[in-house]
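Novice: For the sequence shown, this note's numbering begins at 801 and goes up steadily by one.
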Amino acid sequence: MAARLVDALRDVLAGWQDDVPASWIPVLRQVELGFDGCDPSLDFEAWEPIFPSRRARGFPGAPAGAHMLRAFDGIDPDAVRCVVLGQDPYPEPGFATGRAFEAGNVAAWRELDKMFSRSVRAYMQQICAARTGRPELARSFGDWPGLLSEIEAGSVRIEPPGEIADRWVREGVLLLNSSLTLSRFRVEVDPHQSRGHLPVWRPLIQAVLRHLAASGRPIVYLGFGDAAAENLRLAGLDTPRDPQATFQRPHPAFADDLFSLENPFVACNRHLAAAGLRPIGW
801 MAARLVDALR DVLAGWQDDV PASWIPVLRQ VELGFDGCDP SLDFEAWEPI FPSRRARGFP
861 GAPAGAHMLR AFDGIDPDAV RCVVLGQDPY PEPGFATGRA FEAGNVAAWR ELDKMFSRSV
921 RAYMQQICAA RTGRPELARS FGDWPGLLSE IEAGSVRIEP PGEIADRWVR EGVLLLNSSL
981 TLSRFRVEVD PHQSRGHLPV WRPLIQAVLR HLAASGRPIV YLGFGDAAAE NLRLAGLDTP
1041 RDPQATFQRP HPAFADDLFS LENPFVACNR HLAAAGLRPI GW
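Pasting the structure below:
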């Protein structure tokens, strides 16, 4: 007989604060996860993983260092200059790292072509367009093969997949998802996502966003997809006050919808420069 998803989440997340880096404890200490918002009718099979795992309890084959609260590792709250807010972890335990738009266990950019999701590839098209000042690299998802050829030829210089997220974190980017765990996935959003994991994590995401908003520092929020838009709205960041700014975009899985709008990484750096701050080296 299937168990309930809410009970499985309560079990897996018991003592989750133990996995939070010390600098984030004052922000998250009082957070109570939203188990009451998790639909009690959602079932859960014993063989299903909830991933990424807790810190130091990794699955066999999971990316090195992956855990559900990894987004907070290596970056203090006062160092955040940009929040990239996505939807949920990459929908496969072997790729999900705990940081938004990072695919683990990928040695070379060409390996992204083996994945069914467009999201990381489309995201990287916009990163490369912003880094090089060449918007033609992200006009369409059809431009990905050409960009890949330029990366492999060295005409577009970029770190290997396993290193680039560390670069963004050092630059002050918080790579956060609206849900920090996943169990079942569908492109059109599975009930496990919409009525399970997302409401459970919403209080924590709100605590982070509200803390950063209250700092009054110049911070840019880049939201990708409907779940991110909802969290930004709830935190009052859909129309933030200067010197903070929000740029909301479709999820990169809908690549050409994303590409029809201004590159958000270019918009981020324009806002930081206007505030007299160093742009992010995307």
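Ideal Cβ placement from N, Cα and C applies to all residues, glycine included.
Please read these numbers as outputs of a predicted model, since none were measured by experiment.
Does the beta-carbon of Ile825 have 16 or more other beta-carbons within 10 angstroms, so that it is buried, or is it exposed?
Specialist: Working through the sequence shown from its first residue, we reach residue 825 at position 25. Under this definition Ile825 is an exposed residue.
Novice: Rounded to the nearest angstrom, what separates Asp1026 and Pro991 at their Cα positions?
Specialist: Working through the sequence shown from its first residue, we reach residue 1026 at position 226. Working through the sequence shown from its first residue, we reach residue 991 at position 191. The straight-line gap from Cα to Cα measures roughly 15 Å.
Novice: What do you get for Arg921, buried or exposed, if any count of 16 or more other CB atoms within 10 angstroms of its CB means buried?
Specialist: The count along the sequence shown starts at 1 and reaches residue 921 at position 121. The residue is buried, with at least 16 neighbouring Cβ atoms inside 10 Å.
Novice: Ignore the nearest five residues each way along the sequence and tell me which others in Thr939's own chain have a CB closer than 7 Å to its CB.
Specialist: As a working mapping, residue 939 is identified with position 139 in the sequence shown. Note on identity: in this sequence residue 939 is Arg, with Thr being the wrong assignment. Phe1059.
Novice: Rounded to the nearest angstrom, how far is the Cβ of Cys882 from that of Val1066, given a contact under 8 Å?
Specialist: Stepping through the sequence shown from its first residue, residue 882 is reached at position 82. Stepping through the sequence shown from its first residue, residue 1066 is reached at position 266. Cβ atoms of Cys882 and Val1066 stay farther apart than 8 Å, at about 12 Å.
Novice: Which value, in whole angstroms, describes the spacing of the CA atoms of Asp966 and Phe835?
Specialist: Counted from its first residue, the sequence shown places residue 966 at position 166. Counted from its first residue, the sequence shown places residue 835 at position 35. Between Asp966 and Phe835, the C-alpha separation is close to 31 Å.
Novice: Would Pro893 and Pro849 qualify as a contact pair, given that the criterion is a beta-carbon distance under 7 Å?
Specialist: Here residue 893 is taken as the residue at index 93 of the sequence shown, counted from 1. Here residue 849 is taken as the residue at index 49 of the sequence shown, counted from 1. Contact flag set, yes.
Novice: What separation, rounded to the nearest whole angstrom, lies between the Cα atoms of Arg1070 and Gly972?
Specialist: The sequence position of residue 1070 within the sequence shown is 270, counting from 1. The sequence position of residue 972 within the sequence shown is 172, counting from 1. So the two alpha carbons sit approximately 16 Å from each other.
Novice: Where do the N-terminal and C-terminal ends of the beta strand (DSSP E) with Ala1023 fall, by residue?
Specialist: Taking the sequence shown and counting its residues from 1, the one referred to as residue 1023 is at position 223. Here residue 1023 turns out to be Gly, not Ala, going by the sequence shown. Counting along the chain, the beta strand (DSSP E) containing Gly1023 begins and ends at Val1020 to Phe1024.
Novice: Pick from Gly1016, Arg1010 and Gln1044: whose alpha carbon is nearest that of Asn1031?
Specialist: Translated into positions along the sequence shown, residue 1031 becomes position 231. For Asn1031, the closest alpha carbon among the candidates Gly1016, Arg1010 and Gln1044 is that of Arg1010.
Novice: Ignore the nearest five residues each way along the sequence and tell me which others in Pro1003's own chain have a CB closer than 8 Å to its CB.
Specialist: Walking along the sequence shown from the start, residue 1003 turns up at place 203. Excluding positions up to five away in sequence, the list reads Val831, Glu832, Leu833 and Gly834.
Novice: As an exercise, report each continuous alpha helix (DSSP H) stretch of at least 4 residues that is fully enclosed by the stretch 877 to 911, in chain order.
Specialist: Taken in chain order, no unbroken stretch of alpha helix (DSSP H) lies wholly in the stretch 877 to 911 with a span of 4 residues or more.
Novice: Using the Cα positions of Trp909 and Asp888, report the straight-line distance between them to the nearest angstrom.
Specialist: By 1-based counting over the sequence shown, the position of residue 909 is 109. By 1-based counting over the sequence shown, the position of residue 888 is 88. Going by the C-alpha atoms only, they are around 21 Å apart.
Novice: Grouping DSSP H, G and I as helix and E and B as strand, with all else coil, what is Phe1059?
Specialist: Within the sequence shown, the letter at position 259 stands for residue 1059. Three-state result, Phe1059: helix.
Novice: My assumption, with CB atoms under 8 Å, is that Thr1046 sits in contact with Gly1023. Please give the rounded CB distance.
Specialist: Along the sequence shown, read from residue 1 onward, the residue named residue 1046 stands at position 246. Along the sequence shown, read from residue 1 onward, the residue named residue 1023 stands at position 223. Cβ atoms of Thr1046 and Gly1023 come within 8 Å of each other, at about 7 Å.
Novice: How is Arg804 classed by DSSP in three states: helix, strand or coil?
Specialist: One-based indexing of the sequence shown puts residue 804 at position 4. Three-state DSSP puts Arg804 in a strand.
Novice: Does DSSP put Leu948 in a helix, a strand or coil?
Specialist: The residue given as residue 948 occupies position 148 in the sequence shown. It is helical.
Novice: Taking the alpha-carbon positions, what's the Arg854 to Asp819 distance?
Specialist: Residue mapping note: residue 854 aligns to position 54 of the sequence shown, counting from 1. Residue mapping note: residue 819 aligns to position 19 of the sequence shown, counting from 1. Cα to Cα, Arg854 sits roughly 7 Å from Asp819.
Novice: Is the Cβ-Cβ distance between Ala802 and Asp843 less than 7 Å?
Specialist: Here residue 802 refers to the residue found at position 2 of the sequence shown. Here residue 843 refers to the residue found at position 43 of the sequence shown. Yes, the Cβ-Cβ distance between Ala802 and Asp843 is below 7 Å.
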